[in-house]
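This note's numbering applies: residue 44 is where the sequence shown begins, and numbers increase by one.
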Amino acid sequence: MRIATWNVNSVRARSGRIVDWMEREDIDVLAMQEIKCKPEQFPSQVFEDAGYDLAIHGLSQWNGVAFASREPMTDVVTAFPYMPGFLKGAVGPDQPLEARALGVTVNDLRLWSLYVPNGRALGDPHYAYKLAWLKALETHAAEELSRRPALALAMMGDWNVAPRDEDMGDPSFVPGQSTHISPEERAAFDAFERAGLADVVRPIVPEGFTFWDYKQLRFPRNEGMRIDFILGSPAFADLVTDASIHRNERKGDAPSDHVPVLVDLDLGGDDDDRPMIF
Numbered sequence: 044m045r046i047a048t049w050n051v052n053s054v055r056a057r058s059g060r061i062v063d064w065m066e067r068e069d070i071d072v073l074a075m076q077e078i079k080c081k082p083e084q085f086p087s088q089v090f091e092d093a094g095y096d097l098a099i100h101g102l103s104q105w106n107g108v109a110f111a112s113r114e115p116m117t118d119v120v121t122a123f124p125y126m127p128g129f130l131k132g133a134v135g136p137d138q139p140l141e142a143r144a145l146g147v148t149v150n151d152l153r154l155w156s157l158y159v160p161n162g163r164a165l166g167d168p169h170y171a172y173k174l175a176w177l178k179a180l181e182t183h184a185a186e187e188l189s190r191r192p193a194l195a196l197a198m199m200g201d202w203n204v205a206p207r208d209e210d211m212g213d214p215s216f217v218p219g220q221s222t223h224i225s226p227e228e229r230a231a232f233d234a235f236e237r238a239g240l241a242d243v244v245r246p247i248v249p250e251g252f253t254f255w256d257y258k259q260l261r262f263p264r265n266e267g268m269r270i271d272f273i274l275g276s277p278a279f280a281d282l283v284t285d286a287s288i289h290r291n292e293r294k295g296d297a298p299s300d301h302v303p304v305l306v307d308l309d310l311g312g313d314d315d316d317r318p319m320i321f
């Protein structure tokens, strides 16, 4: 089984390109972020014509997450427990929830498509929101795995954190002055390992960026960052047989500024049931 995550940066602008890649790479499940549309605006037909069912969560022309799957999706939810909301200029606990999280179950795998808040700037209210959002997600992951230790759980998407120095190649991000690389953000990301989740791609693909800004020739200069991840529970990690970062999807006409990150899973049993032919 092949599962991937991709911040597509407007699904309406890139639906043909996305589906072409999914068919070419034989993707079974794709988690998308930053779809930038409501469900009724989603270009569903091109995905359905290619054999994919859809789960979509979008509230406006901003944010938004979705899944495209060849297999049935169940237990669909559009938020996780404790998830904070955000409204510029507002204070208090009852701010509206943004379309940043979507959970589904496919073949006993619990999968999340996540678009972590950007943070904008150190000291900005959106930065505090980002840290609170990550803490709430980590709390949910820890509680879920404590309750169901054998759960094959994957939290994947655009994390907007470069957790290691080698993950940041954009010279405009300055330690002590910029988001994505602050000690607090990196600590929030590292907390997921203590909660029971590990990066299942890095052991197989130790190097490589997943995002390059459109400005300042960042891609030709390879001044990118690694901010798109698939974090898996031990039960999920045990299924992973291969992984890849598809850098070439940043090339060509009207690409997203992110590229897909993919894992291959061995769910077992498929080959044993096939008839032997002599």
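A virtual CB, placed ideally from N, CA and C, is assigned to each residue, including glycine. The model shown is predicted, which means the values in this text are computed figures rather than measured ones.
query	result
Uninterrupted alpha helix (DSSP H) stretches inside the stretch 126-213 (no shorter than 4 residues)	168-190
Range of the contiguous beta strand (DSSP E) that encloses W49	R45 to N50
First through last residue of the alpha helix (DSSP H) which encompasses Q88	S87 to D92
Residue environment, L240, which counts as buried when at least 16 other CB atoms sit within 10 Å	buried
Backbone secondary structure at Q20 - three-state DSSP	Outside the displayed span of the chain (44 to 321) sits residue 20, for which this structure offers no information.
Counted within 10 angstroms of its Cβ, other Cβ atoms place E141 as buried (16 or more) or exposed	buried
Outcome for G59 when other beta-carbon atoms lying within 10 angstroms are tallied against a minimum of 16	exposed
Outcome for A74 when other beta-carbon atoms lying within 10 angstroms are tallied against a minimum of 16	buried
Cβ-Cβ distance between V248 and I288 below 8 angstroms	yes
Span of the beta strand (DSSP E), counted from its first residue to its last, around K109	It should be pointed out that residue 109 corresponds to Ala in this sequence rather than to Lys. Where A109 is concerned, the enclosing beta strand (DSSP E) stretches over V108 to S112.
Rounded C-alpha distance that separates D233 from H223	13 angstroms
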